[in-house]
Amino acid sequence: MDLRFNLALAEGYKSNSQIARVLTEGWVKQNSYCPSCGEKPLNDYENNRPVADFHCLKCSEEFELKSKAGKFSNTITDGAYNSMIQRITSETNPNFFFLTYDKNLTVNNFLIIPKQFFTPDIIIKRKPLSETAKRAGWIGCNIDISKVSELGKIFLINNSKIINPENVQTAFNKTIFLRNKSQESKGWLLDILNCIESIPKTEFNLADIYSFEDKLKQKHPNNNFIKDKIRQQLQYLRDKGIIEFNGRGTYKKVI
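Rendered as structure tokens:
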């Protein structure tokens, strides 16, 4: 995997945004692979396709690319808020690649967030454009990946270090089970995952996770049996190998 952009791809382009798009999309096509099955190369769609930028011919996974110059951050600027919400709650939402590159036009971070981790909670509505703007009233959004479980942030390249593709595939497929869940069920599981990750210890007990009861009640006001729901989700995550049950109400994070 060559971390440098192929500058020849940008010949003839003058717009900085077009140059950035051509270089980053060209890099993904020439260097990346499918995080689900390992197939290489990924295939690109025609420009301006509304759903995705790339797809895998072997397993049919789809991917959209977001890229930026500079340091990796938790906030990624995206397009129209309503369109984004419609996409991530549909059955055709893609996985998202996030790529950052430095001033030497070299990739320093490249990660994927599988589509099952996209929920309305991580999409932040921006203020409408002013009345004097060309698109007055238009509302954009940001993607706040700080709200995404660590299981959903899978690096292919991390601080210029290339991650073993086998490890990437294992991590990508570990949470595929979430795709078969309803929005409500998936929301509960992701909420519990985030609670678990907020606990600083590798091993934790029911009292640790019960401490999030009030927070979970705020997110799920119609549920009057929060502790029962917590135990149910812990059992499911245990069965899926995300956590281990050590007996007597104690659990261990599986790294």
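Quick note: the sequence shown, position 215, residue 215 per UniProt numbering, numbers continuous.
A virtual CB, placed ideally from N, CA and C, is assigned to each residue, including glycine.
TODO: Give the secondary structure of Leu3 by DSSP, where H, G and I count as helix, E and B as strand, and everything else as coil.
DONE: coil
- prompt: What are the boundary residues of the beta strand (DSSP E) that includes Glu203?
  reply: Start and end: 203-205.
Item to complete: Check each candidate in Cys34, Ala8, Pro35, Ile122 and name the one with the smallest Cα separation from Val22.
Response: Ala8
Considering just the uninterrupted stretch of the alpha helix (DSSP H) at Asp191, what are its terminal residues?
Run containing Asp191: 183-198, per the alpha helix (DSSP H) assignment.
Exercise for the section: Please check the pair Glu213 and Lys252, which I expect to be a contact at CB under 8 Å, by giving their CB distance rounded to whole angstroms. Expected result: Not really, about 21 Å apart at Cβ, beyond 8 Å.
Can you tell me where the beta strand (DSSP E) holding Ser67 begins and where it ends? 62-69
Inter-stretch contact (C-beta, 8 Å, three-pair minimum) for the region 12-28 and the region 91-105 = yes
- Between the C-alpha atoms of Thr92 and Leu156, what's the straight-line distance to the nearest angstrom? 23 Å
Tell me where the beta strand (DSSP E) around Ala80 begins and ends.
-> Note, Ala80: beta strand (DSSP E), 75-80.
Where do the N-terminal and C-terminal ends of the alpha helix (DSSP H) with Leu23 fall, by residue? The continuous alpha helix (DSSP H) containing Leu23 extends over residues 16-31.
Self-check item: Where Thr175 falls, given that 16 or more other Cβ within 10 Å makes a residue buried
Solution: buried
With H, G and I counted as helix, E and B as strand and the rest as coil, what does DSSP make of Ile139?
coil
Terminal residues of the alpha helix (DSSP H) in which Thr170 lies:
Start and end: 165-173.
Ignore the nearest five residues each way along the sequence and tell me which others in Lys217's own chain have a CB closer than 7 Å to its CB.
Ile226
In terms of alpha-carbon separation, which member of Arg248, Ser60, Glu184 lies closest to Asn222? When each option's Cα is compared against that of Asn222, the closest is Glu184.
Next on the checklist: For Ile230, report the span of its alpha helix (DSSP H) as first-last.
Outcome noted: Run containing Ile230: 226-239, per the alpha helix (DSSP H) assignment.
Margin query: Using a Cβ-Cβ cutoff of less than 7 Å, which residues in the same chain neighbour Lys181 once the five nearest sequence positions on both sides are dropped?
Written below: Leu189
inquiry  = If the criterion is Cβ atoms closer than 9 Å, does the pair Ser146 and Glu197 meet it?
reply    = Their beta carbons are not under 9 Å apart, which means Ser146 does not touch Glu197 by this criterion.
Exposure label - Cys59; buried when at least 16 CB within 10 Å: Per the 10 Å Cβ criterion, exposed.
Test item: CB-CB of Phe63 and Lys29 under 9 Å = Result no, Cβ atoms of Phe63 and Lys29 do not sit closer than 9 Å.
Would the C-beta of Gly137 count as close to the ligand PLP, meaning under 8 Å from any of its heavy atoms? For the ligand PLP, the structure offers nothing, since it holds no ligand at all.
Can you check whether the CB of Leu111 is closer than 9 Å to the CB of Lys153?
Yes, the pair counts as a contact, with Cβ atoms nearer than the cut-off.
- For the region 37-46 against the region 67-78, are there 3 or more C-beta pairs whose distance is under 8 Å? no
Checklist line | Close-in-space but distant-in-sequence residues of the same chain around Asp191 (CB under 7 Å, 5 per side omitted) | finding: The answer, listed in chain order, is Leu216, Lys219.
Secondary structure of Phe177, DSSP reduced to three states: In this structure, Phe177 counts as helix in the three-state DSSP scheme.
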